[in-house]
Amino acid sequence: MTVLTPNSAKKFILDNTALMAPPHVPEILLHLADEAHELWLRTEDDLAEIGLPPPFWAFAWAGGQGLARYIIDNPSTVRGKRVLDFASGSGLVAIAAAKAGAAEVTAADIDPFCTTVIALNTKANEVEARFLGANCIGTDAGWEVILAGDVFYDKPLADQLIPWFAALKARGADILVGDPGRSYLPKTGLEPLAVYEVPVTRALEDAEVKRTTVWRLA
1 MTVLTPNSAK KFILDNTALM APPHVPEILL HLADEAHELW LRTEDDLAEI
51 GLPPPFWAFA WAGGQGLARY IIDNPSTVRG KRVLDFASGS GLVAIAAAKA
101 GAAEVTAADI DPFCTTVIAL NTKANEVEAR FLGANCIGTD AGWEVILAGD
151 VFYDKPLADQ LIPWFAALKA RGADILVGDP GRSYLPKTGL EPLAVYEVPV
201 TRALEDAEVK RTTVWRLA
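Here the numbering used here is used: position 9 in the sequence shown is 9, and no number is missing along the way.
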């Protein structure tokens, strides 16, 4: 692949993934990498050649699985509300919100592949979500609920997210974060809602099961 187009993105996704259910959220189907380690290394090199990031969208990360599980089990969290799934990746959490009855779901991710993979995944689950490909940090489109799965793995990103989430919370938004103990999760200002033992891809994590907490910004 020398250039990314909608057709080449779709072919790349279909060639390198299979439609399957994440282990902690069997109600949802996603196009996911089966042989994780091989695909990660191979596609990371392929994508780097054309200046694209690693294929985070091809895996159901622990924070997203935990957050999606919570939303499906507690649909009143999003039912009838305008929802943003930040750093959506595969669209797992956005799909969970749509299934739980959200009035409107926006799946935001700056990876160019995500517009295609989220379209494929929402179609597979017979739900709808609007895709936002721009960097939305610092913006406010009136979302009532902001969902963020596995976003505190990087300090520069965390330093941007914390004040943005605080500002959204201050004007009345509900902020929920799924996190399996990433290094830059804030140490204060969070209320635990649920804890899950989430099966993950051993090739990409330091364990086969990650204890994952769903937090609400307090």
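Every residue, glycine too, gets a C-beta built ideally from N, C-alpha and C.
task: Run through the region 132 to 185 for me and flag every whole alpha helix (DSSP H) of 4 or more residues, listed as ranges in chain order.
output: If we require 4 residues or more, the alpha helix (DSSP H) runs fully inside the region 132 to 185 come out as 155 to 170.
message: Taking a contact to mean a Cβ-Cβ separation below 8 Å, would you say alanine 96 touches valine 25 in this structure?
response: Between alanine 96 and valine 25, the CB-CB gap stays under 8 Å.
task: Report buried or exposed for isoleucine 110, applying the criterion of at least 16 other Cβ atoms within 10 angstroms of its Cβ.
output: Residue burial is scored here from C-beta neighbours: isoleucine 110 has fewer than 16 other C-beta atoms within 10 angstroms and is therefore classed as exposed.
message: For arginine 211 and lysine 10, I'd like the C-alpha separation in whole angstroms.
response: Answer to the nearest angstrom: the Cα atoms are 33 Å apart.
query: What distance in whole Å lies between the Cβ atoms of lysine 81 and glutamate 144, which are believed to be in contact at a cut-off of 8 Å?
result: Rounded, the Cβ-Cβ distance is 4 Å, consistent with contact.
message: Helix, strand or coil for phenylalanine 113? Go by DSSP, reduced to three states.
response: When DSSP states are grouped into helix, strand and coil, phenylalanine 113 belongs to the coil group.
message: Just verifying my parser: in three-state terms, what is the DSSP assignment at lysine 210?
response: Looking at lysine 210 - three-state DSSP - the assignment turns out to be strand.
query: Under a Cβ-count criterion, where at least 16 other Cβ atoms within 10 Å of its own Cβ denotes burial, should isoleucine 19 be classed as buried or exposed?
result: The identity of residue 19 in the sequence shown is leucine, whereas the question assumes isoleucine. By the neighbour-count definition (other C-beta atoms within 10 Å, threshold 16), leucine 19 is an exposed residue.
Which listed residue (Asn135, Cys136, Ser183) has its alpha carbon closest to that of glycine 63: In terms of Cα proximity to glycine 63, the closest of Asn135, Cys136, Ser183 is Ser183.
Threonine 201 in three-state terms, based on DSSP: In this structure, threonine 201 counts as coil in the three-state DSSP scheme.
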